[in-house]
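Enquirer:
Protein chains: 2
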Amino acid sequence: MKHAELAEKECAIARTWAVIGERWTMMVLRELFRGSHRFEEIQAKLQTGRNVLADRLQQLEADGVIERRQYQDRPVRHEYHLTQKGEDLYPLLLAMLRWGNTYTVDEPPLRLRHKSCRHVVEPRMVCDSCGEELQRRDLRAQFSENAW
Amino acid sequence: MKHAELAEKECAIARTWAVIGERWTMMVLRELFRGSHRFEEIQAKLQTGRNVLADRLQQLEADGVIERRQYQDRPVRHEYHLTQKGEDLYPLLLAMLRWGNTYTVDEPPLRLRHKSCRHVVEPRMVCDSCGEELQRRDLRAQFSENAW
DNA sequence: CAGTATCCTCGAGGATACTG
DNA sequence: CAGTATCCTCGAGGATACTG
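Just so you know, the protein sequences line up as chains A and B, in that order.
Residue numbers are given in numbering that gives the first Met the number 0: position 140 of the first sequence equals residue 139, and the series is strictly consecutive.
Residue numbers are given in numbering that gives the first Met the number 0: position 92 of the second sequence equals residue 91, and the series is strictly consecutive.
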């Protein structure tokens, strides 16, 4: 199965993976969330091939995750910004950050401080209805009949 | 940069990606969370090469995300189960599920119902200290000096 | 049934030169 | 500075036969 075919499965996780699942895509998103918006800036940081970066940016734009904004006329130059659809990937990044800080490093290279309550944040997944932290055993999966 | 080199970066997201970022790895995890535990079962569902699946399972075991449990003697047969470290990837799956349900499908192929409050769950990321939903703009990033 | 071994394909990623 | 174009490498993934 080719990477793009995941987008055709009746599965939200597979389809999400089709958007973000290529190696450099997630690293590009990390840079965008961090505040890098220009090609050279991202390329210098990630040390990836220019063609690879150009391709990933085009794909993310095609998927509606980022948009290009022209900031200069001659020559034409663009910045890359997350759309709302892109911003909504933030919880996913938070989940990776938390897991990574817990299991893959000694000292967390990045901590997030909540401006309002001033605490270092450990992001938690809760139910939007009752506010309880979500445990797998408390959830009942309901698949539609054509689900993958 | 090779995939495995991401594990050496001083970045929790890159290191997490080194564990879960290969194409079939996430699909294998999805099956495990769904309750599939046997090789044939997973292979039949994902339609992936047997060698690829065997390799991914070995890697996940080496990373401490799953463990093999012998359930039969002759011939020796194992089931694959998530460890606590693996279970802790659940928020990440939830984040992908929510985003995918919102942006990539018409009708969600999978919904999760919270047994306690009986509502269909929309998972939300909140601050563990104050309980407020986490927005990127409310967080201040603090990098250690050697962070990638 | 649960893998291992072997061989193959193809495309993601890398390197570099070039352009306005 | 921000790409595009071109060519190349290597490894992830696929297919299949085989084993206890």
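Virtual Cβ for every residue (Gly too), placed ideally from N, Cα, C.
If the cut is a Cβ gap below 9 Å, which residues of chain A does H113/B touch?
Expert: C126, S128, C129, E131, L133, D137, L138, R139
Enquirer: Which residues does DSSP pair with Q71/A in a beta bridge?
Expert: R76/A
Enquirer: Out of K84/A, R76/A, R117/A, T103/A, which one is the CA nearest neighbour of Q97/B?
Expert: The sequence given here has Arg at residue 97/B, not Gln. If we check each option's Cα against that of R97/B, K84/A comes out closest.
Enquirer: Below 8 Å, how does it come out for the segment 71-81 of chain B and the segment 114-121 of chain A: are there three or more Cβ pairs, yes or no?
Expert: no
Enquirer: How about R29/B and A140/A: do their beta carbons lie closer than 9 Å?
Expert: Result no, Cβ atoms of R29/B and A140/A do not sit closer than 9 Å.
Enquirer: Could you tell me whether the Cβ of P90/A comes closer than 9 Å to any Cβ of chain B?
Expert: Residue-level contact by beta carbon holds for P90/A and chain B, with a gap shorter than 9 Å.
Enquirer: From the beta carbon of N150/B, is the nearest beta carbon of chain A less than 9 Å away?
Expert: What the structure shows of chain B is the stretch from 0 to 147, and residue 150/B is not part of that stretch, so it cannot be assessed.
Enquirer: Residues of chain B with CB closer than 7 Å to the CB of E30/A, please, in chain order.
Expert: Simply none; closest approach about 10 Å.
Enquirer: Are there 16 or more other CB atoms within 10 angstroms of the CB of A148/B, so buried, or fewer, so exposed?
Expert: With chain B covering 0 to 147 only, the question about residue 148/B has no answer from this structure.
Enquirer: Are H36/B and E21/B close, meaning C-beta to C-beta below 9 Å?
Expert: no
Enquirer: Hey, is H2/B's beta-carbon within less than 9 Å of any beta-carbon in chain A?
Expert: yes
Enquirer: At a Cβ cut of 8 Å, what residues of the segment 73-107 of chain B count as close to chain A, listed as they run along the chain?
Expert: Of all residues in the segment 73-107 of chain B, the ones placed with a Cβ closer than 8 Å to any Cβ belonging to chain A are K84, E86, D87, L88, Y89, P90, L91, L92, L93, A94, M95, L96, R97, W98, G99, N100, T101, Y102, T103, V104, E106, P107, in chain order.
Enquirer: Let me know if N145/A comes out buried or exposed under the rule of 16 or more other beta-carbons within 10 Å of its beta-carbon.
Expert: exposed
Enquirer: Pick helix, strand or coil for R136/B, following the three-state DSSP scheme.
Expert: helix
Enquirer: Using only the alpha-carbon positions, how far apart do L92/B and F38/A sit?
Expert: Computed Cα separation, rounded: 30 Å.
Enquirer: List the residues of chain A whose Cβ lies closer than 9 Å to the Cβ of T36/B, in chain order.
Expert: Reading off the sequence shown, one finds His at residue 36/B, where the question assumed Thr. Correct list: empty, because the minimum Cβ distance to chain A is about 14 Å.
Enquirer: Do you know whose CA, among V104/B, M0/B, Y70/B, G63/B, lies nearest E7/A's CA?
Expert: V104/B
Enquirer: Taking only the alpha-carbon atoms, compute the straight-line gap between A11/B and P107/A and give it to the nearest angstrom.
Expert: 7 Å
Enquirer: Taking D138/A and K44/B to be in contact with their CB atoms under 8 Å, please state how far apart those CB atoms are, rounded to whole angstroms.
Expert: Before going further, note that residue 138/A is Leu rather than Asp in the sequence given. Contact doesn't hold; Cβ gap of about 20 Å is too wide.
Enquirer: Starting from the C-beta of E9/B, find all residues in its chain whose C-beta is less than 6 Å away, skip the five residues before and the five after it, and write them out in chain order.
Expert: Here the set comprises N145, A146, W147.
Enquirer: I want to see whether chain B comes within less than 9 Å of E121/A, judged by CB atoms only; does it?
Expert: yes
Enquirer: Can you give me the Cβ contacts of I65/B inside the same chain, cut-off strictly under 6 Å, excluding the 5 residues immediately before and after it?
Expert: Closer than 6 Å at Cβ, skipping near neighbours: L59, Y79, L81, G85.
Enquirer: Nearest chain B C-beta to V18/A closer than 9 Å, yes or no?
Expert: yes
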